[in-house]
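J.: FYI, in our numbering the residues of the sequence shown are 171 to 445. For glycine and all other residues, C-beta sits at the position ideal for the given N, C-alpha and C. Nothing here was measured: the structure is a model prediction, and the numbers come from that model. Please see the structure below; I have some questions.
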Amino acid sequence: MAKDADCNNANGFLLELEGILSLLTLIVLCVFAALMIILFTRPYIANSDITHASLAEFNFSTPTATNNFSANILHYKLNLNIAVGNPNENYGIYHDKVQMLAYYKKQRFGMANLSSFYQGKRNITEMTLPLKGQQVMIFDGIEDLCKLKHRDDGADYDIVDELYRQNKYQATASAMARLIRPSWEDKSKMTCYLVVPLISGYKNNRGARSAMCYEDHFDVELYFHFVFLCLLEFHLVILAVVLVLILLGASAEAEEQGTAVQVHIDNGRTLIIEL
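Okay, here's the thing in structure tokens:
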């Protein structure tokens with residue numbers, strides 16, 4: 171009787187161990203599948219460029235010297251044509267918090283915030299951005315400022331433009347496809363080094379002589395954020411856990427129903443009762 175009880179306990183332990191191993195195996199397979207989906211469905215990053223730039227105004231007012239520094243007011247009007255491309259076949263992109271900054275001699279003189287916009291798959295969106303206004307600029311002495319002040323029409327100016335965006339990639343297909351291709355997010359920064367001629371009064375349409383643009387995407391933050399998002403929201407893992415728990419409950423119930431209890435009766439007879 172003791173041996174039978176030990177056997178039943180051993181069988182129950184083996185069943186529980188088998189169920190736990192099955193659960194762990196399914197979880198590992200689901201996590202592996204999620205990582206493969208991350209690897210093979212990761213969208214191409216959006217690209218951007220400045221296709222044309224021109225200066226309609228870039229003038230300095232009368233310099234004022236203070237403590238060997240020259241403070242001056244820059245009056246500017248910079249026109250930029252920007253192209254943003256979405257190379258993805260299965261993802262649309264929401265561009266949010268779009269901001270353009272303009273620098274001259276490492277000093278920021280212009281800033282503009284653009285409206286958020288959506289970009290469909292395999293699409294190039296072109297935008298015209300005018301930067302116009304005035305800004306106080308500080309230079310090391312009046313001499314440098316005078317040189318800038320007396321530059322002729324058509325002179326070239328070295329201007330650095332920075333475009334910041336927060337991009338959200340979302341699948342454009344059905345809800346099932348969005349389950350396989352979840353949303354991605356990243357932040358991008360485009361830096362362009364322009365040599366732009368001053369064209370007062372729009373005498374001609376000559377634009378920037380050269381434009382070298384570089385784009386950085388902050389994927390590290392995106393990658394770890396998305397891994398945890400997949401582990402939390404990937405429905406296959408949840409379904410696998412529920413399925414294994416149901417199977418374990420059914421196995422335990424079947425084991426209890428099939429347990430044999432031996433009852434010894436006098437005269438050497440044994441009565442076996444199955445519960």
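Label Tyr214 either buried or exposed according to how many other C-beta atoms from any shown protein chain fall within 10 Å of its C-beta, with 16 as the threshold for buried.
T.: In the sequence shown, residue 214 corresponds to position 44, counting from 1. With fewer than 16 other Cβ atoms within 10 Å, it is exposed.
J.: With a 10 Å radius around its C-beta and 16 neighbouring C-beta atoms as the bar for buried, classify Arg335 as buried or exposed.
T.: On the sequence shown, residue 335 is found 165 positions in, with the first residue counted as 1. With 16 or more other Cβ atoms from the protein chains shown falling within 10 Å of its own Cβ, Arg335 counts as buried.
J.: Taking Ile215 as part of the beta strand (DSSP E), name the residues at either end of that continuous run.
T.: Here residue 215 refers to the residue found at position 45 when the sequence shown is read from its first residue. Element bounds for Ile215: n/a, residue is neither H nor E.
J.: Say whether the segment 251 to 260 touches the segment 225 to 232, bearing in mind that this needs 3 or more beta-carbon pairs closer than 8 Å, one atom from each stretch.
T.: Verdict: no, contact absent.
J.: Measuring CB to CB, does Met206 end up less than 9 Å from Ala253?
T.: For the purposes of this step, residue 206 is taken as the residue at position 36 of the sequence shown. For the purposes of this step, residue 253 is taken as the residue at position 83 of the sequence shown. Not in contact: Met206 and Ala253 (Cβ atoms no closer than 9 Å).
J.: Report buried or exposed for Gly290, applying the criterion of at least 16 other Cβ atoms within 10 angstroms of its Cβ.
T.: Position 120 of the sequence shown, counted from the first residue, corresponds to residue 290. Exposed is the call here.
J.: Counting beta carbon pairs with one atom in the segment 327 to 334 and one in the segment 262 to 273, are three or more of them shorter than 8 Å?
T.: yes
J.: Can you tell which of Thr211, Phe210, Gly262, Leu209 has the C-alpha that lies nearest to the C-alpha of Thr342?
T.: Start at 1 with the first residue of the sequence shown, and residue 342 comes out as number 172. Measuring from the Cα of Thr342, the nearest candidate turns out to be Gly262.
J.: In angstroms with no decimal places, state the Cα-to-Cα distance between Tyr372 and Lys276.
T.: Start at 1 with the first residue of the sequence shown, and residue 372 comes out as number 202. Start at 1 with the first residue of the sequence shown, and residue 276 comes out as number 106. Bear in mind that a pLDDT of 46 at Tyr372, under 50, signals an unreliable position, so the number given afterwards is only what the model happens to contain. One C-alpha to the other measures close to 27 Å.
J.: Which residue wins for smallest C-alpha separation from Arg292, given the options Lys357, Tyr339, Val201, Ser353?
T.: As a working mapping, residue 292 is identified with position 122 in the sequence shown. Closest option to Arg292, Cα to Cα, is Tyr339.
J.: From Thr361 to Val201, what does the alpha carbon distance come to, in whole angstroms?
T.: Within the sequence shown, numbered from 1, the residue matching residue 361 stands at position 191. Within the sequence shown, numbered from 1, the residue matching residue 201 stands at position 31. Taking the straight line from one Cα to the other gives about 38 Å.
J.: From Leu225, Pro367, Lys359, Leu364, pick the residue whose C-alpha is nearest to that of His387; which is it?
T.: Locating residue 387 in the sequence shown gives position 217, counting from the first residue. Out of Leu225, Pro367, Lys359, Leu364, Lys359 has the C-alpha closest to the C-alpha of His387.
J.: Assign Leu225 to buried or exposed, taking buried as 16 or more other Cβ atoms, counted over all protein chains shown, within 10 Å of its Cβ.
T.: Stepping through the sequence shown from its first residue, residue 225 is reached at position 55. Buried, since its Cβ has 16 or more Cβ neighbours within 10 Å.
J.: Run the CB neighbour count on Ala325, radius 10 Å, all protein chains shown included, and call it buried at 16 or more, exposed below.
T.: Counting from one through the sequence shown, the residue named residue 325 turns up at place 155. Exposed: under 16 other Cβ atoms inside 10 Å.
J.: Go through its chain and collect everything with a Cβ distance to Ala175's Cβ below 7 Å, but skip five positions before and after it.
T.: Walking along the sequence shown from the start, residue 175 turns up at place 5. Any reading at Ala175 must be qualified, since the residue scores a pLDDT of 49, below 50, and its modelled position is unreliable; no value is offered.
J.: Taking Leu250 and Ile294 to be in contact with their CB atoms under 8 Å, please state how far apart those CB atoms are, rounded to whole angstroms.
T.: Taking the sequence shown and counting its residues from 1, the one referred to as residue 250 is at position 80. Taking the sequence shown and counting its residues from 1, the one referred to as residue 294 is at position 124. With 8 Å as the limit, Leu250 and Ile294 do not qualify as a contact, their Cβ atoms being about 16 Å apart.
J.: Compare the beta carbon distance of Leu199 and Ile329 with 9 Å and say whether it is the shorter of the two.
T.: Taking the first residue of the sequence shown as position 1, residue 199 is located at position 29. Taking the first residue of the sequence shown as position 1, residue 329 is located at position 159. Cβ atoms of Leu199 and Ile329: not closer than 9 Å.
J.: Quick one: Cα of Thr195 to Cα of Ala203, how far?
T.: On the sequence shown, position 25 is the one that residue 195 refers to. On the sequence shown, position 33 is the one that residue 203 refers to. Using only the alpha carbons, I get a separation of about 12 Å.
J.: In three-state terms, what does DSSP make of Ala203?
T.: Along the sequence shown, one-based indexing puts residue 203 at 33. If DSSP states are grouped into helix, strand and coil, Ala203 belongs with the helices.
J.: Does the beta-carbon distance from Tyr246 to Phe210 come in below 9 Å?
T.: In the sequence shown, counting from the first residue as 1, residue 246 sits at position 76. In the sequence shown, counting from the first residue as 1, residue 210 sits at position 40. Cβ distance not < 9 Å, so Tyr246 and Phe210 don't count as in contact.
J.: To the nearest angstrom, how far is it from the Cα of Trp354 to the Cα of Asn242?
T.: For the purposes of this step, residue 354 is taken as the residue at position 184 of the sequence shown. For the purposes of this step, residue 242 is taken as the residue at position 72 of the sequence shown. Rounded to the nearest angstrom, the two C-alpha atoms are 45 Å apart.
J.: For Tyr274, which residues in the same chain have their Cβ closer than 6 Å to its Cβ, ignoring the five residues on either side in sequence?
T.: Reading the sequence shown from its first residue, position 104 is the one you call residue 274. Ile329.
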